[in-house]
Amino acid sequence: MARNKAERSETGDFVAFLVKLALFILILRSFIVSPFNIPSESMQPRLVVGDYLLVAKWPYGFSRYSLPFNLPLLPGRVLPHSPEPGDVVVFKAPPTAQDDYIKRVIALSGDIVQVTNGVISINGTPVARKRIEDFELPVTPNSPCYREEFVSAVQDGSTICRYPQFQETLPNGVTYRTLDIFEDSEGDNTQAFVVPDGHMFLMGDNRDRSADSRFPAQEGQAIGMVPEENLVGKALVSVFSTDGSAEWIKPWTWFTAARWERIGEGF
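According to the working numbering, the sequence shown is numbered sequentially starting from 429.
Set out below in structure tokens:
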């Protein structure tokens, strides 16, 4: 009898531990930080395929999109706060608000945005933009070159991609790097957009490989203007990066595939 009671007590303690652990993880992911991995090239050069980062959940407030599976447990947005131009944000992509995307905030409610020959103008003033050194990215399984013309050999016998790189500075002083790979691409010249109330104009740093606010919202593709209520969080820090060459059955490749130099980069 005593043994059965002890076993039931141990089982109950273990179940209680699992419940507490689940609640802790739920609170952590919903209100503090959440992991996010980069599946596309749209935010190069800052983020490349294979990067893993932590997203801070508190900077913009909390909503159903802060919770796992978009659970409708929060009314509207609690403790709302608008992002700043230049912030790198994770959000639920229009029109369905089902998929998580990551882009850079370019403009907010009431701003007028237009792109002319690749140069952004905000409220009639061109964003400062200058050509800098090429972005060099080693050719790896998850980072092939877009075209043969960008492939270059290096002294150790490996190959890299060299892409035209620019530095942009928004009116509030935030500076970041962008890629403009192809001349006269579809998004290099746009109409003038007026950002609606409560919305954001977002763009990927890789201007020719990003379906963003320059294009109408379409499921799985472009996003149009994004409501602030769709915000999930703000990019905080890169915590890991892999070049795609790792194999599960070869544990040593987990280390050789890591891009150690990218770990710890903040935003």
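C-beta: ideal position from N, C-alpha, C; glycine also.
The C-alpha of alanine 639 lies about 36 angstroms from the C-alpha of aspartate 584. In this structure, the CA atom of aspartate 527 is about 11 angstroms from the CA atom of asparagine 658.
Residue burial annotation: glutamine 619 is exposed, with fewer than 16 other C-beta atoms found within 10 angstroms of its C-beta. The alpha-carbon separation between isoleucine 540 and proline 473 amounts to approximately 26 angstroms. Residue pairing by DSSP places arginine 557 opposite Glu596 in a beta bridge. Note: glutamate 564 is bridge-paired with Arg590 in the DSSP secondary-structure output. In this structure, the straight-line span from the alpha carbon of isoleucine 466 to that of alanine 650 is close to 17 angstroms. Separation of proline 513 and glycine 538 (C-alpha to C-alpha, rounded to the nearest whole angstrom) is 13 angstroms.
Distance from the CA of serine 666 to the CA of threonine 553, rounded to the nearest whole angstrom, comes to 33 angstroms. When only Cα atoms are considered, lysine 678 and threonine 670 end up about 15 angstroms apart. Within the DSSP bridge table, the entry for leucine 482 names Pro463, Val665 as partners.
With a cut-off of 8 angstroms on Cβ pairs, the segment 480 to 497 is not in contact with the segment 589 to 603, counting fewer than three such pairs. Residue state for phenylalanine 610 is assigned as coil, using DSSP reduced to three classes. The C-beta distance from leucine 664 to leucine 481 rounds to 7 angstroms, short enough to fall under 8 angstroms. Sequence-distant partners of proline 566 (beyond 5 residues in either direction) whose C-beta falls short of 6 angstroms from its own C-beta, in its chain, are Ile588. Less than 8 angstroms divides the Cβ of valine 476 from the Cβ of serine 571. In this structure, DSSP gives glutamate 689 a helical state, which the three-state scheme calls helix. Membership of threonine 544 in the beta strand (DSSP E) is indicated by the continuous run 540 to 544.
Taken through DSSP and simplified to helix, strand or coil, phenylalanine 643 comes out as coil. The distance from the Cβ of leucine 607 to that of aspartate 633 is about 7 angstroms, consistent with a contact at the 8 angstroms cut-off. By DSSP's assignment, tyrosine 604 forms a beta bridge with Glu596.
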